[in-house]
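Chains as they are written, first to last, in the working numbering: chain A, 1 to 303; chain B, 304 to 606; chain C, 607 to 909.
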């Protein structure tokens, strides 16, 4: 747990990654840092910037929502709209996802989407999380995550939704589906995606312990494919993309679908139940009480 | 085969691990050392000793049934009763399994449970083997195997039924599902558990050749998670357990169930057929003849 | 792609491994080198030579169809007949497959079986490809591929259909299911066999990029089991086979079936649909046009 807390400091939002005791058989059920807290602003400036190079057919999608690219409903909606536009654009064949922020790729789901919200709103939020993954994991484009900072929980899900992962060779950056550390449970489709990426046993250990892997450790278990110096993450992604685009699109797309269809179909045919599960969990009095205490603690720290 | 026989010596019960020729398409069908032979004693002294430290919530289960912790019906029954007690005890969150014997963790199933017994009794025995695995693989406790000696066949099954495996760094100790070497076949749920642990290809090689891995080789393929000096196996297990117990129980338990439920359900829904298969195989005249010859050979050696 | 073309040179049939542009969303759809082109000869000399050593029970099957052991309908028919004979021969327990040709194990499916042929004939051809894999992957014999040269596409399928793979330690030799590079798609049962061998993630990368692995890289991902000097490939296969035959046949066979049955059954229950898919793809005007242009290019090169 100390490790998790240390990460919170790294993300630069002290106190965000704390823990709350709620009822459980043995001890604590905690919430964080898969749930990151954005400083609210009412700015309508885009959280995502997309540049499509029509000469290469490669789009770079930059996440630029400070402080930590939290996955809020607004963020996810903007992300999905951009993804869909690129998917429909025949001149776009490859997508690179990266962050404009220092030290963080994405800190995962936004806690404010889950506190004091109506079940309807929580359901809408979870549907957007599903949508992000469905669009990304099933994309016809070649997709590369240029992971230039830490990438816990939802940020990790986004990364393993891509075809290839290049991470900054910085042992301070970590990546992983660490939900369990925080008392919550990664849903089955997070799990399936992780198993597809690192195999059953590494996924089992990783999920049961809620492990965050340093970049070098992530490479060892195959959670990322390649480490490069921090200032070469994007350029390496561009070089790698040209290799992916040398493969005939149609054959690559059919092959990708053959590899991923079963995993995607499993969520598609359980989508409503998965939303119901999430909403029923997150709207529990005990969980909401914990979130409130947690937020109050944050406020008192700021004061 | 020489290797297997060498292991028998290591276990300290000469002649126990021998082979019998029975009918087969090509050459031999053999029995051992997944079937180990206990020296009979009518002692009612417990085969298992459990110490629960209520301050840490960690129980240590010591197998203490000389010479080789054979999995007899009595042993398995005692094992399951102890497991169930701990499972029901809310003060117990973690379980470490180890052996009090020198050089052996467990040598696997007891041959005497399969010779000259009625089909009913054989079925009862097999049901106890299933029960041991079902209880262990599906336990809500965090479970660590502290493998301080060799662990073939049933001993290996017990190990891979845990959440984590720490083995003595002694190249003389071996572990593996070596049933095939002996002319018998690991049932599908042994196979599923192994595939979940080391992946499909390593499991295929391992099961088709009935391989026993030395401790270092077992680490290489991921059959165990960690090697430590022999005198540090238990203390390392204790240290590791504290990391597992730092994870909120409820989230870890749901995650574990998500990872293992499908494998467990497969046995649950085929349990009777699996018993029938085992009984029909083991009560065959040819197999029983082989067992008799084998036991007579053992007696003549003793004389 | 340069890499693929370089391989074509290695195979010694310049121009055979070229590419054809056909319609696709983005750029090229290519054909080769999974489709190799045999120089036609009307020779009725056998394409395959089998030597069974009745003292050891080991058969060596030598592929001897120059220049590149293309898998034509004739070749596959001869291969399957030989396999079936050995399967029925109770004195034969092990099979080693190797090549008499320099530098190539097998270059894969024969392009001439797919150009200008009737749908019926194409279907007959594809059925023979299925039959080769079904017989090999499900063989009761212990099977070892002694890969003494390059082994792309269909050659790789043949290799991963065996129980064990020993490859010449020559970085110029490559192996892989590279269909995607060429604009075609490995069918689901190629994919399943690869996943069973190297795991899901390595298979995904391998199939989406149509990767050919050098011998050392193939060893790293587990696509082959062992590298030995080129002149020791066959002798090592013989030594290894004796270890496989030390395992009781019956137990090994049941275990092998337990590991592979599900994958085999998937093709068996979709066999006709798989043939229909192939025929419908390969007889498309666009594909046939591409094949014609390709063959004309080859002719003009020869002139």
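Cβ atoms here follow ideal geometry from the backbone N, Cα and C, with glycine treated the same way.
Cβ pair residue i, residue j closer than 8 Å
i	j	result
residue 698 of chain C	residue 741 of chain C	no
residue 809 of chain C	residue 801 of chain C	yes
residue 240 of chain A	residue 164 of chain A	yes
residue 152 of chain A	residue 166 of chain A	no
residue 881 of chain C	residue 732 of chain C	yes
residue 443 of chain B	residue 541 of chain B	no
residue 177 of chain A	residue 162 of chain A	no
residue 566 of chain B	residue 520 of chain B	no
residue 115 of chain A	residue 289 of chain A	no
residue 144 of chain A	residue 224 of chain A	no
residue 693 of chain C	residue 653 of chain C	no
residue 408 of chain B	residue 373 of chain B	no
residue 907 of chain C	residue 222 of chain A	no
residue 786 of chain C	residue 816 of chain C	yes
residue 431 of chain B	residue 476 of chain B	no
residue 502 of chain B	residue 199 of chain A	yes
residue 113 of chain A	residue 72 of chain A	yes
residue 663 of chain C	residue 248 of chain A	no
Partners in chain B for residue i, counting only beta-carbon separations shorter than 8 Å
i	result
residue 201 of chain A	499, 500, 501, 502 and 525
Closest Cα partner of residue i within the set the options
i	options	result
residue 706 of chain C	C:889, C:784 and C:839	C:839
residue 244 of chain A	C:807, C:681, C:785 and C:814	C:814
residue 398 of chain B	B:352, B:426, B:405 and B:603	B:352
residue 776 of chain C	C:751, C:737 and C:819	C:819
residue 59 of chain A	A:116, A:72 and A:83	A:83
residue 901 of chain C	C:652, C:717 and C:695	C:717
residue 406 of chain B	B:480, B:533, B:514 and B:527	B:533
residue 554 of chain B	A:206, A:69 and A:150	A:206
residue 266 of chain A	A:78, A:130, A:183 and A:285	A:130
residue 379 of chain B	B:393, B:571, B:484 and B:411	B:411
residue 585 of chain B	B:388, B:360, B:422 and B:453	B:422
residue 461 of chain B	B:486, B:475, B:524 and B:400	B:400
residue 426 of chain B	B:551, B:580, B:360 and B:370	B:580
residue 391 of chain A	A:68, A:57, A:74 and A:56	No statement about residue 391 of chain A is possible, as the shown extent of chain A runs from 1 to 303 and does not include it.
residue 833 of chain C	C:774, C:876 and C:695	C:774
residue 738 of chain C	C:885, C:874 and C:891	C:874
residue 604 of chain C	B:549, B:583, B:560 and B:491	For residue 604 of chain C there is no data in the structure shown, the boundaries of chain C being 607 and 909.
Under 7 Å from the C-beta of residue i: neighbouring residues of chain C
i	result
residue 53 of chain A	Result: empty, since nearest Cβ-Cβ is about 14 Å, beyond 7 Å.
residue 68 of chain A	Here the premise fails: no neighbours, minimum Cβ distance about 28 Å.
residue 507 of chain B	865
Beta-bridge partners of residue i, as assigned by DSSP
i	result
residue 226 of chain A	A:166
residue 782 of chain C	C:758
residue 399 of chain B	B:363 and B:447
residue 352 of chain B	B:365
residue 407 of chain B	B:453
residue 394 of chain B	Residue 394 of chain B is not bridged to any residue.
residue 517 of chain B	B:477
residue 677 of chain C	C:715
Cross-chain neighbours of residue i in chain B, by beta carbon under 9 Å
i	result
residue 850 of chain C	511 and 512
Chain C contact residues for residue i, given Cβ-Cβ distances below 8 Å
i	result
residue 247 of chain A	786, 787, 814, 815 and 816
Chain-ordered neighbours of residue i on chain A, where CB pairs are closer than 7 Å
i	result
residue 902 of chain C	Simply none; closest approach about 21 Å.
residue 466 of chain B	208
Proximal residues of chain A, C-beta to C-beta of residue i below 9 Å
i	result
residue 934 of chain C	This structure does not reach residue 934 of chain C, given that chain C is present from 607 up to 909, and the question cannot be answered.
Proximal residues, the segment 857-872 of chain C versus chain B, C-beta separation under 7 Å = 857, 858, 860, 861, 862, 864 and 865
Listed in chain order, which residues of the segment 468-502 of chain B have Cβ atoms closer than 8 Å to some Cβ of chain C?
-> 482, 483, 484, 485, 486, 487, 488, 489, 491, 494 and 502
Select from the segment 116-127 of chain A all residues with a C-beta closer than 8 Å to any C-beta belonging to chain B, and list them in chain order.
-> none
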